[in-house]
Every structure is written in structure tokens, then in C-alpha cells.
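Chains as they are written, first to last, in this note's numbering: chain A, 1 to 216; chain B, 1 to 216.
2 protein chains.
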Amino acid sequence: MTANDLKLYHSAASPNSRRVRIFLAEKGLTVPLVSIDLSKREQDSQAYRAINPRSLVPTLVLEDGTAIGEVLAIWRYFEDHYSSAPPLLGVTPKEKALVTMWERRAELEGFAAVMEGVRNAAPSLKGRAIAGPHGHEPLPVLVELSRQRIRDFFGDFDFRLAEAPFVAGEKFSVADITTLVTVDFAARSFDMPLPRNALALKRWYDNVSARPSTAA
Amino acid sequence: MTANDLKLYHSAASPNSRRVRIFLAEKGLTVPLVSIDLSKREQDSQAYRAINPRSLVPTLVLEDGTAIGEVLAIWRYFEDHYSSAPPLLGVTPKEKALVTMWERRAELEGFAAVMEGVRNAAPSLKGRAIAGPHGHEPLPVLVELSRQRIRDFFGDFDFRLAEAPFVAGEKFSVADITTLVTVDFAARSFDMPLPRNALALKRWYDNVSARPSTAA
């Protein structure tokens, strides 16, 4: 299905954009994409700030011009508007609650820790240690804290994936998307590949990475 | 409506628990409550850790014993399971996306900043600077960073509430609940009352605080 009345502003290099691209590929939805080049700081251009004053990608722009920021909000829009596509946020109230809980844990304990580590370590992000329009200088002490948090995340999710085939339980969901993007982000941008002893997490990772959507 | 088959573990002093209590009061739902005394560290007891191994409140326990942690997940359960109660997460796909976006901004830019500030400043939380089972020593430098982030939050949300009657637009939603709990939490626990010049935010606060649900 192609949603030609929408526009998704994204960046190939942005892990948050990838969370949306994988979601769309799993649903079989095609949305016109507009690339924002973060290396040229296009997100700070006047043209993009008119769309998203917080200078963040991704942003989904609806037919009536409404701009939706935040991955979770973009997912929510597609899940409810294209309800014939495969559900990724759960079906029953209990499933929906469990998917929400596990996706959130993956994001806050995993994804956000990698992001904080990268932003406080990367010289190119000087003055931008927190995403958004308010400048913050990096705090080197947060780099080590992030590493600790990621180690805990790997341990906790290895434990979880020893007891369930997917992060939120029996079915693939957005909780798997966020966990997968986090594992790749940690390995590629923060030099923290999966630990060798995280066998269940590694088995889950190999399984989920084989889905064609993850190339998105 | 009374949901006697559920149990909500909460603490009177916990701002995350308050987010759930206000939500239930707005919906007119009554759920059997079980108090966890944080001052006695009851959340670390073996009995409570069997329910929520992360030692966090609130937790919703379903009839079949499934434990749902995370405020957003608990809200989602009630919104979908008791669909005759007033909606607080939006009705149309566009509203749902905007509520998700604004609630998330209130939480990440406001609520989480106050929480980080309080946890890194409070001597009684030594070794527990990050919520959950993994101990972390407080970093005093984060207290000042939190103050900066809360000042930015007050400014950004004052701007927002000068253009819309409620945080997510025309209707009261969970975005207002999180913003209200954040404003009270900052004033009571982090000595950061609303700035005098935040006129729109103050007008919104007075209006929303007058709702009976906020006593919950």
C-alpha cells in the first residue's frame, strides 16, 4: 500500500528513522521519503525547522500539514490509520500493554543509553549532548554510565529472551524493532557488540535480523 | 465501574503512581489498590520483587497474574479494555498520534528531568540514582543539568499552552496528566515552582488542577 498523501522526513544514518522504516517495511506500507542530511546539519535549516522546530528526525507530515514527531507517535498513527496491515503494537488489551511495556524498556534501558553515550562521547556533537533545540555541553562521566547501563540492558534482555521467543512474548512487535536497532546502534556507533555469553539474545538477534524489513 | 479482578500496586508518594490514579479517576474506574511503602523500601521486599523484579511502582496485576509495569502500558490496558470510559489517549489516528507525541515530550523533557534531578540530589536515594534493580551512584553534575532542562521545559510548554487550551490540543488527555504531575513534582520535590512569567502555563495549571481527579 502506498500512502502518497503523507511525507516522512528521515535520515539514512538516524537510528530513530530506522525504527520507523523497519515498521513500515513490516507493514508493507510505502510512504514518500524526504532525506535530511544530518552531516550537513540540514535538520537545523530554516526550512526543516518550519516543519519540526525541535530539529529532530523522523517527522511524519500528514495531508493537512500536521507534523508528527516522535517514533512512538508515528507508529501509532500508522497502526490505527492502516488497520488492515499486520499489527505491530499488539491486538488484545493485554498484548497491547505488554508490547508497550517491553518496547519502552528496550528504549529507556537500551536505546536511550546508547544515544546518551554517543552524544556525550562524539566530538562532532559538541553542544548537542541532548537531542533538540536546547544546547547542552557533553558530560564525559555519562559515557561510562551509559556503558554500564548497556551492559545491564544486554544482561536483562538476554534473560528475557531465554524465556520468550520475542521481546514482548509470542509475536514479533515494535519491542523487537527497538531492541534490534539498539543492538546495531551499540555495535556500530558505541563499540559495544553483543557480549559472547548473551546466547539467548544472540539467537534472537540472528533470527530477527534475517527478516527482510531490517534492511530498511 | 469497579475492576475487582485487577490489583494496582502503588505508592501515595510516587509521582508515577499519581499519573495512573488521576487517569483512573478521569475514567471513573475503581481498581483495588495495594500500597507499597517506599520509605520502608517495601518495593525491594521479596514479596514485591516476585511481582515486579524491577522494584518499581506502579504495577498492574491482571486476573491471570500477568504483571504490567510502566505507566504508559497500564494506561494502554485500561484505555483498550474499558473502551466505554472517556478516552484519554485520543480518538482518531491523528489525535492518538498527537497525544502520544505531546505526552512523550512532557515525560522526556519534563518528568524525566525532575526525576533525574531528584534522584541525583537526594541523599536518601544514594546508590539508586537510576530507577530499577541496578545500583548507580548519584552524579551531582546531573542536578544542575536537570534544572536547565526543567527551565527549558517550562519555557517550551508555556509557548505551547499559549497556542492550545490543552497540551495535546483541544481536549484533556494523558499529556495534561503527565504535565500536571511534572509541575507539582518539580515544585514539591525539586524546589522549582512555575516561573512567574510562564503565564499561559500557569493559566492552564490553575484550570487543570481544579479537576477533581487531581486529588487522586
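Where a beta carbon is used, it is the ideal one built from N, C-alpha and C, also for glycine.
Decide if F166 (chain B) is buried, meaning its Cβ has at least 16 other Cβ atoms within 10 Å, or exposed. Classification of F166 (chain B): buried, given that the 10 Å Cβ count is 16 or more.
Return the chain-ordered ranges of every alpha helix (DSSP H) run that is complete within the stretch 37–110 of chain B and spans a minimum of 4 residues. DSSP assignment within the stretch 37–110 of chain B yields the following whole alpha helix (DSSP H) runs of 4 residues or more, N-terminal first: 46–51, 71–81 and 93–105.
If we cut at 9 Å on Cβ distances, does M101 (chain B) have a partner in chain A? Residue contact with chain A for M101 (chain B): present (Cβ-Cβ distance below 9 Å to some residue of chain A).
Are L62 (chain B) and K202 (chain A) closer than 9 Å when you measure CB to CB? The answer is no: Cβ separation not under 9 Å.
What does the Cβ neighbour count give for N4 (chain A), buried or exposed, with the cut at 16 atoms within 10 Å? That one is exposed.
Applying a beta-carbon distance threshold of less than 9 Å, which residues of chain B neighbour T66 (chain A)? Contact of T66 (chain A) with chain B by beta-carbon distance below 9 Å involves K94, A97 and L98.
Roughly how many whole angstroms lie between the Cα atoms of V71 (chain B) and K40 (chain B)? Rounded to whole angstroms, V71 (chain B) to K40 (chain B) spans 22 Å at the Cα level.
If we define contact as Cβ-Cβ less than 9 Å, is V118 (chain B) a contact residue for chain A? Look at V118 (chain B): its C-beta is not under 9 Å from any C-beta on chain A.
Please classify V208 (chain A): does DSSP put it in a helix, a strand, or coil? It is helical.
How long is the line joining the alpha carbons of M1 (chain A) and E26 (chain A), rounded to whole angstroms? So the two alpha carbons sit approximately 12 Å from each other.
Where Q43 (chain A) falls, given that 16 or more other Cβ within 10 Å makes a residue buried: Counting every other CB atom within 10 Å of its CB across the protein chains shown gives Q43 (chain A) a total of 16 or more, marking it as buried.
What separation, rounded to the nearest whole angstrom, lies between the Cα atoms of W204 (chain B) and T66 (chain B)? Distance between the alpha carbons of W204 (chain B) and T66 (chain B) is about 37 Å.
Since P58 (chain B) contacts F185 (chain B) with CB under 8 Å, what's their CB separation in whole angstroms? In fact, because the Cβ distance is near 15 Å, the residues do not count as touching under 8 Å.
In the DSSP assignment, what residue or residues form a beta bridge with E213 (chain A)? Reading the sequence as shown, one finds Ser at residue 213 (chain A) and not Glu. Residue pairing of S213 (chain A) in beta bridges, as defined by DSSP: absent, with no partner found.
At the level of alpha carbons, what is the spacing between M192 (chain B) and Q148 (chain B)? For M192 (chain B) and Q148 (chain B), the distance between alpha carbons rounds to 11 Å.
Is H10 (chain A) close to chain B? Criterion is C-beta to C-beta, closer than 9 Å. Chain B places no beta carbon closer than 9 Å to that of H10 (chain A), leaving this residue out of the contacts.
Backbone secondary structure at V167 (chain B) - three-state DSSP: V167 (chain B) falls in the coil class under three-state DSSP.
Tell me where the beta strand (DSSP E) around V31 (chain A) begins and ends. Looking at the DSSP string, V31 (chain A) is not in any beta strand (DSSP E), and its letter there is neither H nor E.
What are the start and end residues of the alpha helix (DSSP H) that includes L180 (chain B)? Per DSSP, L180 (chain B) is one residue of the alpha helix (DSSP H) stretching across V174 to S189.
Is the closest heavy atom of the ligand MN to the C-beta of K40 (chain B) under 8 Å? The ligand MN is not part of this structure, which contains no ligands at all.
Given a threshold of 16 other Cβ atoms within 10 Å of its Cβ, counted over all protein chains shown, does F190 (chain B) qualify as buried or as exposed? So F190 (chain B) ends up on the buried side.
Can you check DSSP and say which residues form a bridge with S17 (chain A)? Note: S17 (chain A) sits in no beta bridge, so no partner.
Nearest-angstrom Cα distance between L89 (chain A) and Y9 (chain B)? Near 25 Å, if we compare the C-alpha coordinates of Y9 (chain B) and L89 (chain A).
Sub-9 Å separation of P86 (chain A) and G169 (chain A) beta-carbons: Cβ distance not < 9 Å, so P86 (chain A) and G169 (chain A) don't count as in contact.
Just checking my contact of A175 (chain B) with A106 (chain B) at CB under 8 Å: how many whole Å lie between their CB atoms? Contact flag correct, Cβ pair sits at about 6 Å.
Quick test of the definition: if touching needs 3 or more C-beta pairs under 8 Å, does the stretch 148–158 of chain B touch the stretch 72–86 of chain B? With fewer than three CB-CB distances shorter than 8 Å, the stretch 148–158 of chain B does not count as touching the stretch 72–86 of chain B.
For V34 (chain B), which residues of its own chain have a beta-carbon under 8 Å away from its beta-carbon, when the five flanking residues on both sides are left out? Close CB contacts of V34 (chain B) within its chain, under the 8 Å cut and outside five residues either way in sequence, are with K7, L8, Y9 and H10 (chain order).
Using the Cβ count rule (16 or more neighbours within 10 Å means buried), how would you classify E103 (chain B)? With 16 or more neighbouring CB atoms inside 10 Å of its own CB, E103 (chain B) falls in the buried class.
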